[in-house]
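Worksheet for the structure shown next.
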Amino acid sequence: MRAPHFVLLCRAGFESECGQEIVDHLGQKGVAAGFEGARGAGAVQLVFFGARPASERARLMPPLQTLIFSRQLIEVIGVAETPDSRDRVSPILSCLQDFTAPLPWSSLEVMARCADENEDLQRFVRRFASPMANALRRAGQLSAARTDAHPLIVIFSGFDSAILGQLLSSNRAKTVDGVPRLKFPADAPSRSTLKLEEAWHTFLAPERWYDYLGGGKLAVDLGAAPGGWTWQLVQQGMEVVAVDNGEMDSALMKSGQVIHLRADGFTFRPSKRVDWMVCDMVEQPSRVLDLVADWFEQGFCRYSVFNLKLPMKKRYQEVVTCLDRLQARLQQAGLNCRVRARQLYHDREEITCFVESLS
Ligand SMILES: C[S@@+](CC[C@H](N)C(=O)[O-])C[C@H]1O[C@@H](n2cnc3c(N)ncnc32)[C@H](O)[C@@H]1O
Numbered sequence: 225m226r227a228p229h230f231v232l233l234c235r236a237g238f239e240s241e242c243g244q245e246i247v248d249h250l251g252q253k254g255v256a257a258g259f260e261g262a263r264g265a266g267a268v269q270l271v272f273f274g275a276r277p278a279s280e281r282a283r284l285m286p287p288l289q290t291l292i293f294s295r296q297l298i299e300v301i302g303v304a305e306t307p308d309s310r311d312r313v314s315p316i317l318s319c320l321q322d323f324t325a326p327l328p329w330s331s332l333e334v335m336a337r338c339a340d341e342n343e344d345l346q347r348f349v350r351r352f353a354s355p356m357a358n359a360l361r362r363a364g365q366l367s368a369a370r371t372d373a374h375p376l377i378v379i380f381s382g383f384d385s386a387i388l389g390q391l392l393s394s395n396r397a398k399t400v401d402g403v404p405r406l407k408f409p410a411d412a413p414s415r416s417t418l419k420l421e422e423a424w425h426t427f428l429a430p431e432r433w434y435d436y437l438g439g440g441k442l443a444v445d446l447g448a449a450p451g452g453w454t455w456q457l458v459q460q461g462m463e464v465v466a467v468d469n470g471e472m473d474s475a476l477m478k479s480g481q482v483i484h485l486r487a488d489g490f491t492f493r494p495s496k497r498v499d500w501m502v503c504d505m506v507e508q509p510s511r512v513l514d515l516v517a518d519w520f521e522q523g524f525c526r527y528s529v530f531n532l533k534l535p536m537k538k539r540y541q542e543v544v545t546c547l548d549r550l551q552a553r554l555q556q557a558g559l560n561c562r563v564r565a566r567q568l569y570h571d572r573e574e575i576t577c578f579v580e581s582l583s
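First residue of the sequence shown? That's 225 in my numbering, and the numbers climb one at a time after it.
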């Protein structure tokens, strides 16, 4: 494959979905592109076919928040050959000389992206960051005084070459690896609590956080036990109906904000409209999607966060089919809704979706 124009970071094992998605997006704009991504590398290399200036390629990249499987977009500025184990710094410095960017870089991020968990490479990358940063500083190419985050990114997928990249200034995730830094709350009943918290950080504009979550809202949690998601809703001051045949965490029930119903999440409906319906039931994606569409069609909720567990094969196709069907059902019902989807850091074989009724 030719030198890539972009590297897209994704969950390890989802390289094919990440690549298919970006190629699909570009194809819809009539732009031909191809991708390569070794399974397990957690990264996809994207090549645009046909000559285009870098500025045009950057403009053609879809907004990161519209992509489901990409965590970060990295624009490639060079590829350095680094076969000499005694000096991998010099080839990178000399490769950077050809690049005319507004220098210096604000920081340096060195990462390993390899198909197998290559511990030697991981160890090398950890040790390499410091001498590389020192060399960049001596060359006047790295300065902490630069306050806007404009990192130089060095990606090794083996020892012999490194991809050098940068983030696009207005189309990027907050952290370089695209992974949010969330702390597990000690008193939350399950680790999946972080999924709902990450979903909110991903889908809700921070300045509208209170509109979405504050003011003592009402929520229904389908498939709630032991209560990680309910715990998040309670933290926001909500009254929650938790639907599950399983046991809820006893400390959470003492909050007095939760009613536990041992019922089927697919047939339960609230007696009046609620603000939030969240759903973490492990079921076929099409079944969950129909449930969510029913809730919006019947006006039972304003917002929803739900998981779609992905099948073993044709995962990208399944996601596209499901989301198209959801959009079609909402449109047929005459509803004005915003639908977003993303594979979160805390998701495994699944994606998380958000629907907001705008009417
Ligand atoms: C992944 S767990 C939910 C974890 C929960 N979100 C948390 O943060 O603690 C899935 C839950 O869905 C429940 N579930 C599965 N099918 C259900 C159904 N038809 N009705 C109600 N609950 C269901 C299971 O009992 C299980 O507790």
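Don't be surprised by glycine CBs; every beta carbon is placed ideally from N, CA and C.
Item: Tell me, to the nearest whole angstrom, how far the beta carbon of L366 is from that of A373; I am working on the premise that it is less than 8 Å.; Value: 13 Å between Cβ atoms; not a contact.
Item: Since I believe V516 is in contact with S528 (beta carbons under 8 Å), could you give me their beta-carbon distance rounded to a whole number of angstroms?; Value: 6 Å
Item: Is D504 near ligand 1, with its Cβ less than 7 Å from a heavy atom?; Value: yes
Item: Determine, using beta carbons only, whether S479 and V502 come nearer to each other than 8 Å.; Value: no
Item: May I ask whether a heavy atom of ligand 1 can be found less than 7 Å away from the beta carbon of A448?; Value: yes
Item: Using 7 Å as the cut-off, classify the Cβ of V467 as near or not near the heavy atoms of ligand 1, replying yes or no.; Value: yes
Item: Let me make sure I understand the geometry here. Which of P286, Y436, S381 and L376 has the alpha-carbon closest to that of S394?; Value: P286
Item: Tell me, please, whether the stretch 227-246 touches the stretch 254-270 by the rule of three or more beta-carbon pairs shorter than 8 Å.; Value: yes
Item: Let me know if I483 comes out buried or exposed under the rule of 16 or more other beta-carbons within 10 Å of its beta-carbon.; Value: exposed
Item: Quickly, what does DSSP pair T576 with across the bridge? List them, please.; Value: N531 and R566
Item: With a CB to CB cut of under 8 Å and the five nearest residues on each side skipped, what residues in its chain are close to E421?; Value: L406 and Q456
Item: Got a sec: does ligand 1 put a non-hydrogen atom nearer than 7 Å to the Cβ of E507?; Value: yes
Item: If you drop the 5 nearest sequence neighbours on each side, which residues of the same chain put their C-beta closer than 7 Å to that of G523?; Value: R497
Item: Decide if R337 is buried, meaning its Cβ has at least 16 other Cβ atoms within 10 Å, or exposed.; Value: buried
Item: Is it true that the CB of M462 sits closer than 8 Å to the CB of L442?; Value: yes
Item: Would you identify the three-state DSSP class for C319, choosing helix, strand or coil?; Value: helix
Item: By the 10 Å Cβ neighbour count, where 16 or more other Cβ atoms means buried, how is D445 classified, buried or exposed?; Value: buried
Item: Give the DSSP-derived three-state secondary structure of I246 in the structure shown.; Value: helix
Item: Is T417 a contact residue of ligand 1, with contact defined as CB to any heavy atom under 7 Å?; Value: yes
Item: Please tell me whether L513 and C546 are closer than 8 Å, where the distance is taken between their beta carbons.; Value: yes
Item: On the CB-based measure, 16 or more other CB atoms within 10 Å of its CB, does F293 come out buried or exposed?; Value: buried
Item: Taking DSSP as the reference, what is the three-state secondary structure of F352?; Value: helix
Item: I'd like the list of long-range same chain contacts for A448, defined as Cβ closer than 7 Å, with 5 residues on each side in sequence excluded.; Value: T454, A466, V467, D468 and M472
Item: Taking 7 Å as the limit between beta carbons, can you name the residues of its chain near H229, skipping five residues before and five after?; Value: L270, V271, F272, R281 and V300
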